[in-house]
Amino acid sequence: MRNTLLRYFQNTNEKEALYEANKIAGSIQKANYLLDASKSEQFLRELDEKAAEENRRIIVVDKDAYVLADTNGSAVGSVLLVPEIMVALEGTDEANLKEVQKNGGNIYASAYIENNKSEKIGAVLVVSPYGKVYTPLDDINSRLLITTVILALVIAVTVFAIAHIIMGPLRKILETMRKIASGQFHQRIDIKGHDEFTELGETVNNMTTKLEQIDTSRQEFVSNVSHELKTPLSSIKVLTESILLQENVPTEMYKEFLVDINSEIDRMTAIVNDLLSLVKLDVNGAKLNITLVDMNKLLRDLIKRLTPLADNKDIELSFETTKEVNAEVDEVKLSLAISNLIENGIKYTPMQGKVKVSLDSDHLDCYITVQDTGMGISEEEQSKVFDRFYRVDKTRDRETGGTGLGLAITHSTVVLHNGSVKVISGEGKGATFVVCIPLKHEEV
Ligand code: ADP
0 MRNTLLRYFQ NTNEKEALYE ANKIAGSIQK ANYLLDASKS EQFLRELDEK AAEENRRIIV
60 VDKDAYVLAD TNGSAVGSVL LVPEIMVALE GTDEANLKEV QKNGGNIYAS AYIENNKSEK
120 IGAVLVVSPY GKVYTPLDDI NSRLLITTVI LALVIAVTVF AIAHIIMGPL RKILETMRKI
180 ASGQFHQRID IKGHDEFTEL GETVNNMTTK LEQIDTSRQE FVSNVSHELK TPLSSIKVLT
240 ESILLQENVP TEMYKEFLVD INSEIDRMTA IVNDLLSLVK LDVNGAKLNI TLVDMNKLLR
300 DLIKRLTPLA DNKDIELSFE TTKEVNAEVD EVKLSLAISN LIENGIKYTP MQGKVKVSLD
360 SDHLDCYITV QDTGMGISEE EQSKVFDRFY RVDKTRDRET GGTGLGLAIT HSTVVLHNGS
420 VKVISGEGKG ATFVVCIPLK HEEV
């Protein structure tokens, strides 16, 4: 850098000196100083003035390199054979930095002088001191150093500040996420502002809320399952203990108790089976075995299978259809879902009631309706009946053998088919369940 600057200054100085030498040569030529002796006094004065201006030495020689004038005075009368004069007398102007010392040197610049016939009649040598440039250069150098140091400091401080601004919220988020990972789902990140970090914080908070909900519903589910299984287990325990503690129990009593124990075991088996069906339907893990199914056939088969159950209660189980409907569904899973609805219809409808299943479709969806003339479901219960283990009347359902999982299974299955299920009912007004399933299945 320093060398480049130095070279640049040297070149500029040499050019300036050459220009100056040319200018002087020109003025000598114009005023005809060399040929007109009467002007020599004025000529020497002008030269002295010019030399004094810039602290230069100006030497004028004739065509034989004989010194006619020297502002320094010392060379007058001698023959000056320096290369610059020699080349100038031959017709080439030149400038060179010579006599380079530690603190500079002198620039020798020469220019030839012509008469009006373009003959070389002499030359001018301008010797300019060269050295002042070191001072500004050194100054520039030290300023450059100071600027670099200040710049480096500013960059360092800025980088540190930015890192601190970025790292602060990041550290906060990281800390909270670590706590969340260790199971503390109540943790929330508090970052105020409108930047990406706030957004990230909000996303983490939303995720934590979801995790908390999942955790709560998991705990509820486990406690529900335990509770549901505990009831039949306690019954079995009471029944067995009462036999064990008695002496000479009659055979009839043994039989009676064993029948009760057996029905409790059946109940537990039903719960476990329903639970397994539900686990299999877990939305994320479930795989549907989709085929094009004749919905009329599917429903007719179901009705055929459930007619004996309806007959037991003298219930009229009917099927109504108007058209051919083919839908892309998982036949086994959807059969179980619809079967739950029909079984419920039979279960919650008193003797001699009616359960009607109907099928309809439009160009997008098919609609399966299961309508009964039973006890119905009050409006406030309607939103809860699809929850796991939810039963409107606990005592009543224990008698009817329900597990409280049937509608949850139906709901999960329908959702897996990208469909919906809704209930239309009122207390004592019978219940109507409407299932809507797209005719074409699309993976989501
Ligand atoms: P359950 O095994 O007890 O039948 P479900 O999940 O199938 O469990 O049903 C949940 C609850 O919804 C039932 O306990 C019952 O109280 C109510 N329910 C379901 N279907 C009907 C219906 N057709 N009529 C009246 N109540 C019903």
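Per numbering that gives the first Met the number 0, residue 0 is the first one in the sequence shown, and the count goes up by one each step.
For glycine and all other residues, C-beta sits at the position ideal for the given N, C-alpha and C.
Given the structure is predicted, the values throughout are model-derived calculations rather than measurements.
Euclidean distance between Cα positions of residue i and residue j
{"i": "residue 123", "j": "residue 156", "result": "59 Å"}
{"i": "residue 42", "j": "residue 71", "result": "15 Å"}
{"i": "residue 94", "j": "residue 127", "result": "10 Å"}
{"i": "residue 58", "j": "residue 138", "result": "33 Å"}
{"i": "residue 119", "j": "residue 4", "result": "37 Å"}
{"i": "residue 273", "j": "residue 402", "result": "8 Å"}
{"i": "residue 281", "j": "residue 419", "result": "16 Å"}
{"i": "residue 7", "j": "residue 110", "result": "22 Å"}
{"i": "residue 317", "j": "residue 356", "result": "6 Å"}
{"i": "residue 379", "j": "residue 330", "result": "32 Å"}
{"i": "residue 166", "j": "residue 182", "result": "24 Å"}
{"i": "residue 163", "j": "residue 147", "result": "24 Å"}
{"i": "residue 345", "j": "residue 324", "result": "25 Å"}
{"i": "residue 55", "j": "residue 90", "result": "23 Å"}
{"i": "residue 409", "j": "residue 203", "result": "33 Å"}
{"i": "residue 319", "j": "residue 347", "result": "21 Å"}
{"i": "residue 353", "j": "residue 231", "result": "32 Å"}
{"i": "residue 198", "j": "residue 205", "result": "10 Å"}
{"i": "residue 68", "j": "residue 2", "result": "37 Å"}
{"i": "residue 382", "j": "residue 376", "result": "10 Å"}
{"i": "residue 415", "j": "residue 326", "result": "14 Å"}
{"i": "residue 26", "j": "residue 50", "result": "14 Å"}
{"i": "residue 361", "j": "residue 171", "result": "54 Å"}
{"i": "residue 306", "j": "residue 315", "result": "8 Å"}
{"i": "residue 266", "j": "residue 289", "result": "31 Å"}
{"i": "residue 21", "j": "residue 160", "result": "60 Å"}
{"i": "residue 175", "j": "residue 196", "result": "14 Å"}
{"i": "residue 184", "j": "residue 241", "result": "46 Å"}
{"i": "residue 47", "j": "residue 104", "result": "21 Å"}
{"i": "residue 218", "j": "residue 153", "result": "56 Å"}
{"i": "residue 214", "j": "residue 179", "result": "12 Å"}
{"i": "residue 151", "j": "residue 177", "result": "37 Å"}
{"i": "residue 216", "j": "residue 431", "result": "28 Å"}
{"i": "residue 18", "j": "residue 144", "result": "35 Å"}
{"i": "residue 455", "j": "residue 44", "result": "Coverage of the chain is limited to positions 0 through 443, which leaves residue 455 absent and any answer about it impossible."}
Beta bridge counterpart(s) of residue i as assigned by DSSP
{"i": "residue 68", "result": "59"}
{"i": "residue 104", "result": "129"}
{"i": "residue 23", "result": "According to DSSP, which records beta bridges pairwise, residue 23 is partnered with nothing at all."}
{"i": "residue 325", "result": "293"}
{"i": "residue 121", "result": "61, 112"}
{"i": "residue 432", "result": "369, 422"}
{"i": "residue 312", "result": "Answer is none; residue 312 lacks a bridge partner."}
{"i": "residue 364", "result": "437"}
{"i": "residue 95", "result": "107"}
{"i": "residue 38", "result": "Beta-bridge pairing links residue 38 to no other residue."}
{"i": "residue 354", "result": "316, 371"}
{"i": "residue 78", "result": "65"}
Expected contact under 8 Å - CB spacing of residue i and residue j to nearest Å
{"i": "residue 387", "j": "residue 220", "result": "6 Å"}
{"i": "residue 112", "j": "residue 28", "result": "5 Å"}
{"i": "residue 158", "j": "residue 16", "result": "About 49 Å separates the two Cβ atoms, so there is no contact after all."}
{"i": "residue 63", "j": "residue 86", "result": "No, residue 63 and residue 86 are not in contact; Cβ-Cβ is about 15 Å, not under 8 Å."}
{"i": "residue 335", "j": "residue 412", "result": "7 Å"}
{"i": "residue 338", "j": "residue 287", "result": "Contact doesn't hold; Cβ gap of about 17 Å is too wide."}
{"i": "residue 12", "j": "residue 129", "result": "6 Å"}
{"i": "residue 443", "j": "residue 417", "result": "6 Å"}
{"i": "residue 359", "j": "residue 429", "result": "Not quite, the Cβ-Cβ distance comes to about 19 Å (not below 8 Å), so this is no contact."}
Top-ranked residue by Cα proximity to residue i, from the options
{"i": "residue 308", "options": "355, 342, 267, 268", "result": "342"}
{"i": "residue 297", "options": "316, 328, 256", "result": "328"}
{"i": "residue 76", "options": "262, 87, 60, 412", "result": "60"}
{"i": "residue 35", "options": "114, 84, 214", "result": "114"}
{"i": "residue 384", "options": "177, 406, 32, 359", "result": "406"}
{"i": "residue 169", "options": "200, 179, 140, 160", "result": "200"}
{"i": "residue 312", "options": "373, 285, 360, 152", "result": "373"}
{"i": "residue 116", "options": "31, 350, 255", "result": "31"}
{"i": "residue 229", "options": "271, 33, 250, 253", "result": "271"}
{"i": "residue 66", "options": "53, 52, 81", "result": "81"}
{"i": "residue 310", "options": "275, 276, 351", "result": "351"}
{"i": "residue 277", "options": "404, 24, 142, 83", "result": "404"}
{"i": "residue 14", "options": "249, 96, 40", "result": "96"}
Below 8 Å, how does it come out for the stretch 200–212 and the stretch 231–247: are there three or more Cβ pairs, yes or no? No: the two stretches stay apart, fewer than three of their Cβ pairs being nearer than 8 Å.
Would you call the stretch 285–294 in contact with the stretch 420–428, where contact means no fewer than 3 C-beta pairs closer than 8 Å? no
Taking contact to mean at least 3 C-beta pairs separated by less than 8 Å, is the stretch 221–228 in contact with the stretch 186–198? With a cut-off of 8 Å, the stretch 186–198 and the stretch 221–228 do not count as touching, because too few Cβ pairs lie within range.
Taking 8 Å as the cut-off, does the stretch 432–441 touch the stretch 359–366 (at least 3 CB pairs, one atom from each stretch)? yes
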